[in-house]
Amino acid sequence: MGRSDRSRNRRDQVRGRKPSKDKQIEVELPREAINLAVTALKKGQTLIYPTDTIYGLGCDASNYDAVEKIFEIKERDKSKSLLVLVDSFQMLESIIEDVPDMAWEVLKVNKKPLTIVFDRPKNVAENVVAQDNTLAVRVTNDPLCRSIIKKLRKPIVSTSANLSGSPSPVNFTDIHPDLIARVDHVMDLPLVHKNIKPSSIMKISSNGVIKIIRE
Numbered sequence: 001m002g003r004s005d006r007s008r009n010r011r012d013q014v015r016g017r018k019p020s021k022d023k024q025i026e027v028e029l030p031r032e033a034i035n036l037a038v039t040a041l042k043k044g045q046t047l048i049y050p051t052d053t054i055y056g057l058g059c060d061a062s063n064y065d066a067v068e069k070i071f072e073i074k075e076r077d078k079s080k081s082l083l084v085l086v087d088s089f090q091m092l093e094s095i096i097e098d099v100p101d102m103a104w105e106v107l108k109v110n111k112k113p114l115t116i117v118f119d120r121p122k123n124v125a126e127n128v129v130a131q132d133n134t135l136a137v138r139v140t141n142d143p144l145c146r147s148i149i150k151k152l153r154k155p156i157v158s159t160s161a162n163l164s165g166s167p168s169p170v171n172f173t174d175i176h177p178d179l180i181a182r183v184d185h186v187m188d189l190p191l192v193h194k195n196i197k198p199s200s201i202m203k204i205s206s207n208g209v210i211k212i213i214r215e
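Take the sequence shown: its position 77, counting from 1, is numbered 77 in the UniProt record's numbering, and each next residue is one higher.
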């Protein structure tokens, strides 16, 4: 069996099923709020929304001008990379040139929010890609985020809804009013998941080498 066949086997064990979940959380999704958020994203607008970790600031990850707005709103140095959320393993494949075999192994067993930094991204805005041509991606389990991304049919930027250097907001009331005033659309909804903290981050290079960035 060649490398491509092994890779396909690992990939197929993961593809076609939903990402693992700590607990099966049933929530009634706010359909109108989701539709309004997606409409805003399609217009190139920015969004504050609850994620699978903390409150996030985001936009369509394929829209260069929208990504520029994110840096301006956060007063963030453009040398600091952003991460994006996808709703499925299929969408992950659509924005990474070649997902390493080791990444499929990790994704197959992972249950916690995990952001993976990949080499050679594609089909996203140039300014969402780090200077070393990598992209941080998380396959989100959050039902609200998944619904927004699925309806938009594109990945979305997910950076903490704070001014650069300020604490990450775990409650909506933690978000600075100045930042809220700069954002086009705001989803004042509760986080689904409790005991929230930022996701773990690891880099998985094309050659399969793993580097833990944040546990």
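Glycine included, C-beta positions come from ideal geometry on N, C-alpha and C.
For residue i, which option in the options has the closest C-alpha, if you only look at C-alpha atoms?
i: S206; options: T134, R182, R153; result: T134
i: E68; options: V106, A125, F89, I48; result: A125
i: residue 277; options: L144, K154, W104, V86; result: There is simply no residue 277 to check, as the chain begins at 1 and stops at 215 in what is shown.
i: D119; options: S147, L29, A33, G208; result: G208
i: L191; options: D52, V128, F89; result: D52
i: V139; options: P100, M91, I180, M102; result: M91
i: I149; options: F89, I212, I210; result: F89
i: I34; options: D65, L189, I201, D101; result: L189
i: A61; options: K197, I213, Y49, L152; result: L152
i: T115; options: S200, N63, I212, Y55; result: S200
i: I204; options: E105, L179, I54; result: E105
i: R31; options: A103, A181, C145, P100; result: C145
i: I180; options: N63, S147, I70, D65; result: I70
i: D77; options: M202, K197, V128; result: V128
i: P121; options: P50, D98, A103; result: D98
i: A103; options: M202, R214, I213; result: M202
i: N63; options: K154, R214, I210; result: K154
i: P50; options: A66, E93, N141; result: N141
i: D178; options: I212, L107, E72; result: E72
In this structure, how does DSSP classify residue i when only helix, strand and coil are distinguished?
i: R17; result: Annotation note: pLDDT 49 at R17 (below 50); position unreliable, no value reported.
i: T39; result: helix
i: I149; result: helix
i: A181; result: helix
i: K78; result: coil
i: K211; result: strand
i: T140; result: coil
i: T51; result: coil
i: Q24; result: Note that Q24 has pLDDT 45, beneath the 50 cutoff, so the model's placement of it is unreliable and no number is given.
i: T173; result: helix
i: K203; result: strand
i: D188; result: coil
Rounded to the nearest angstrom, how far is the Cβ of residue i from that of residue j, given a contact under 8 Å?
i: L163; j: K74; result: 6 Å
i: N123; j: I156; result: With 8 Å as the limit, N123 and I156 do not qualify as a contact, their Cβ atoms being about 13 Å apart.
i: S160; j: L29; result: Contact doesn't hold; Cβ gap of about 23 Å is too wide.
i: S166; j: H176; result: 7 Å
i: P198; j: I54; result: 7 Å
Say whether chain C places a C-beta atom closer than 9 Å to the C-beta of residue i.
i: T173; result: Here chain C cannot be found, since the structure has a single protein chain.
Ignoring anything shorter than 3 residues, give me the beta strand (DSSP E) runs that lie fully in the region 83-134, in order along the chain. Scanning the region 83-134 from its first residue to its last, the whole beta strand (DSSP E) runs of 3-plus residues come out as 83-86, 114-119.
Contact between the region 179-197 and the region 39-46: three or more CB pairs below 8 Å? With the cut-off at 8 Å, the region 179-197 and the region 39-46 touch.
Contact between the region 166-181 and the region 107-117 (3+ Cβ pairs under 8 Å): Judged by Cβ distances under 8 Å, the region 166-181 makes no contact with the region 107-117, as fewer than three pairs qualify.
Does the count of Cβ pairs from the region 77-87 and the region 123-137 closer than 8 Å reach three? The region 77-87 and the region 123-137 touch, with no fewer than 3 CB-CB distances between them shorter than 8 Å.
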